[in-house]
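Novice:
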Amino acid sequence: MHKVVAKSQLSPNVTRLDVVAQRIAQIRQPGQFVIVRRGEGGERIPLTIADADPAAGTIALVIQAVGKSTRELVALEPGEAIMDIAGPLGHSTELISSGRALCIGGGVGTAVVHPIAQGLKRRGVAVVSIIGGRSKEWVIFEPELARLGEVVVCTDDGSYGRHGFVTDAAREALAGGGIDIVYAVGPVPMMRAVANLTRPLGVRTIVSLNPVMVDGTGMCGGCRVGVGNETLFACVDGPEFDGHLVDFDLLMDRLSTYRDFEQKASTACSEGACKVGLK
Ligand code: NAD
Ligand code: FES
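Counting from 87, one number per residue, gives the positions in the sequence shown under our numbering.
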């Protein structure tokens, strides 16, 4: 069992849980994730390790409550526990060791960008972060990223920072030159838009993909993605890939496959059947 030691609300539907996971806290690398199961019979949920405190033996999980299982997870309070946390899983981020990196985070994807920016900063790379949300209350991880370098905040409605999408600010940053690599994590249309900006400039672009995952071992095929001419598995070959090679249409198509099922489960949860399947 993995005890929740702290909980905070980062935006209207995004919660941070700091949980005890001694071994993972000590060995995790930027870009890696865990698969959690709240209780017996619960769904397995892949979550990025947004931060870790090796001394305290804790990791930070950032959860967007979008369906039944994620809502059950964010209902946990400090003192309660998660039954299983498997990981760290996946490859660590390809980090450059000098130069200047642009880290772009859209919405909850900003939590995934944070450990990448930490890893870059540790290597002495200059980090510029561009992060965005629908409005001020949806912007997350701004103070944490500000400790690692320059941060440009964008909001869709202009209520905070720059008015517009993260891609608008990214276009300007790229036009200024001097960017050696781009890391982009967020909604699929955002990552595709970033890849379309950087492709003609020849700037290497890494994106983090979040297809449906089941076993996390490369056996079930649930997380397959198209990259270049290959079919790869996000859980064992990723979750980060060359953004210029990702088949974003296929990814969108596969992400929509389970939407109806998830909607039904979410509705049942709202009507009080949230604990079904959990002991
Ligand atoms: P959101 O829809 O509120 O968008 C966040 C920001 O992304 C916006 O403020 C904007 O700056 C940018 N953006 C959105 N659409 C864009 C577009 N078409 N072009 C350019 N920029 C755009 O995001 P959210 O609700 O916080 O995130 C939800 C999505 O992120 C879900 O689909 C989720 O699956 C995905 N997600 C991806 C990862 C990952 O690893 N790739 C991790 C977590 C969540
Ligand atoms: Fe099953 Fe990746 S989650 S193959």
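Every residue, glycine too, gets a C-beta built ideally from N, C-alpha and C. Note that this is a predicted model, so its numbers are computed, not measured.
Report buried or exposed for I113, applying the criterion of at least 16 other Cβ atoms within 10 angstroms of its Cβ.
Specialist: I113 comes out exposed.
Novice: Tell me the rounded alpha-carbon separation between E126 and G153.
Specialist: The straight-line gap from Cα to Cα measures roughly 18 Å.
Novice: Quick one: Cα of D333 to Cα of P273, how far?
Specialist: Near 14 Å, if we compare the C-alpha coordinates of P273 and D333.
Novice: Please classify N296: is it buried, with 16 or more other beta-carbons within 10 angstroms of its beta-carbon, or exposed?
Specialist: Counting Cβ neighbours within 10 Å, N296 comes out buried, since at least 16 surround it.
Novice: List the whole-angstrom C-beta distance separating A256 from I182, where the pair is believed to meet the contact cut-off of C-beta under 8 Å.
Specialist: Wrong, their Cβ atoms sit about 18 Å apart, outside the cutoff.
Novice: What residues match up with P116 in a beta bridge as DSSP calls it?
Specialist: The partner list for P116 (beta bridge, DSSP) is empty, contrary to what the question assumes.
Novice: Bridge partners for A212 per DSSP, in chain order?
Specialist: DSSP, once it has assigned bridges, lists R186 as partnering A212.
Novice: Give the straight-line distance between the Cα atoms of R124 and E163, rounded to the nearest whole angstrom.
Specialist: Rounded to the nearest angstrom, the two C-alpha atoms are 12 Å apart.
Novice: So for P98, helix, strand or coil by DSSP?
Specialist: DSSP places P98 in coil when its eight states are reduced to three.
Novice: What I want to know is whether the C-beta of P275 ends up closer than 7 Å to one or more non-hydrogen atoms of the ligand NAD.
Specialist: Yes; taking the cut-off as 7 Å, the Cβ of P275 has a heavy atom of the ligand NAD nearer than that.
Novice: Determine the burial state of D335: buried for a count of at least 16 other Cβ atoms within 10 Å of its Cβ, exposed for fewer.
Specialist: It is exposed - the Cβ of D335 has fewer than 16 other Cβ atoms within 10 Å.
Novice: Quick test of your reading: G302 and P132, contact by CB under 8 Å. State the CB separation rounded to the nearest angstrom.
Specialist: G302 to P132, Cβ: 7 Å. Contact.
Novice: Taking 7 Å as the cut-off, is the C-beta of C309 nearer than that to any heavy atom in the ligand FES?
Specialist: Checking the Cβ of C309 against the ligand FES gives yes.
Novice: Using three-state DSSP, classify T179 as helix, strand or coil.
Specialist: In the structure shown, T179 sits in coil (DSSP, three-state: anything other than H, G, I, E or B).
Novice: Note down, one range per segment and in chain order, each alpha helix (DSSP H) of at least 4 residues found wholly within the region 236-297.
Specialist: Whole alpha helix (DSSP H) segments, 4+ residues: 252-261, 274-284.
Novice: According to DSSP, which residues form a beta bridge with Q204?
Specialist: In DSSP, Q204 forms no bridge with anything.
Novice: Return the chain-ordered ranges of every alpha helix (DSSP H) run that is complete within the region 311-349 and spans a minimum of 4 residues.
Specialist: DSSP runs (the alpha helix (DSSP H)) wholly in the region 311-349: 320-323, 334-342.
Novice: Give the DSSP-derived three-state secondary structure of G218 in the structure shown.
Specialist: Of the three classes helix, strand and coil, the one that applies to G218 here is strand, per DSSP.
Novice: Tell me, please, which residues DSSP counts as bridged to D170.
Specialist: R123, per the DSSP bridge assignment.
Novice: Can you give me the start and stop residues for the alpha helix (DSSP H) that V160 sits inside?
Specialist: Unbroken alpha helix (DSSP H) run through V160: 154-160.
Novice: Should G205 and T179 be called a contact, given that it needs their Cβ atoms to be closer than 8 Å?
Specialist: In contact: G205 and T179 (Cβ atoms closer than 8 Å).
Novice: What is the C-beta distance between A146 and A161, in whole angstroms, given that I count them as a contact (C-beta under 8 Å)?
Specialist: 18 Å between Cβ atoms; not a contact.
Novice: Sorry if obvious, but does the Cβ on G219 come closer than 7 Å to a heavy atom of the ligand NAD?
Specialist: Indeed, a heavy atom of the ligand NAD lies less than 7 Å from the Cβ.
Novice: Starting from the Cα of V298, find the closest Cα among L287, P286, V311 and give me that residue.
Specialist: Minimum Cα distance to V298 is reached at V311.
Novice: In chain order, what residues of the same chain lie with their CB nearer than 6 Å to the CB of C309, ignoring the 5 residues before and after it?
Specialist: Closer than 6 Å at Cβ, skipping near neighbours: P297, M299, F319, A320, C321.
Novice: Determine, using beta carbons only, whether L188 and V268 come nearer to each other than 8 Å.
Specialist: Their beta carbons are under 8 Å apart, which means L188 touches V268 by this criterion.
Novice: Evaluate the contact criterion for the region 279-290 versus the region 193-207: three or more CB pairs, one atom per stretch, below 8 Å.
Specialist: No: the two stretches stay apart, fewer than three of their Cβ pairs being nearer than 8 Å.
Novice: Are the CB atoms of T101 and I149 within a distance shorter than 8 Å?
Specialist: Contact: yes.
Novice: Starting from the Cα of H200, find the closest Cα among Q115, R340, D339 and give me that residue.
Specialist: Out of Q115, R340, D339, Q115 has the C-alpha closest to the C-alpha of H200.
Novice: My assumption, with CB atoms under 8 Å, is that D170 sits in contact with T144. Please give the rounded CB distance.
Specialist: That belief does not hold up - the Cβ atoms of D170 and T144 are roughly 16 Å apart, past 8 Å.
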